[in-house]
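Quick note on the numbering used here: the sequence shown kicks off at 283 and runs consecutively.
Presented below is the structure to which this report refers.
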Amino acid sequence: MMRPTRREVLEAIRETVANGPGEYRLPDFLASIDWCVAVRPTPDVAAMLGRLELWDSEYREGDMDWADFTSKLDALMEGVAAG
283 MMRPTRREVL
293 EAIRETVANG
303 PGEYRLPDFL
313 ASIDWCVAVR
323 PTPDVAAMLG
333 RLELWDSEYR
343 EGDMDWADFT
353 SKLDALMEGV
363 AAG
């Protein structure tokens with residue numbers, strides 16, 4: 283994926299929250315982003331991706347539990363919808 287759109291990022295978040303930890307695919311989505319290409323995500327999408335990468339790392343390393351992780355994802359989706 284060269285340049286994820288806001289819609290694609292939000293869909294990845296929705297799927298993560300809906301599927302639960304048993305079908306956790308957010309790392310695959312994040313790994314599919316090619317940051318080396320000339321076409322970069324828009325600044326708002328890049329900021330969302332940065333937060334997702336941080337929270338994903340914290341969750342997978344055990345520094346955040348599933349409830350806290352999905353709470354942050356929900357808040358991010360609400361913030362984007364309100365903005």
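Positions of the beta carbon are idealized from the N, C-alpha and C atoms, including for glycine.
The beta-carbon distance between residue 308 and residue 324, rounded to whole angstroms, is 20 Å. This is too long to meet the 8 Å contact definition. Straight-line measurement puts the Cα of residue 363 at about 16 Å from the Cα of residue 352.
With 16 or more neighbouring CB atoms inside 10 Å of its own CB, residue 337 falls in the buried class.
Looking at the backbone, the Cα of residue 295 and that of residue 333 are separated by about 12 Å. Bounds of the alpha helix (DSSP H) holding residue 337 are 325-342. Taking residue 346 as the centre and dropping the five residues before and after it, the same chain places the C-beta of 340 closer than 6 Å to its C-beta, in chain order. Counting along the chain, the unbroken alpha helix (DSSP H) around residue 295 starts and ends at 288-301.
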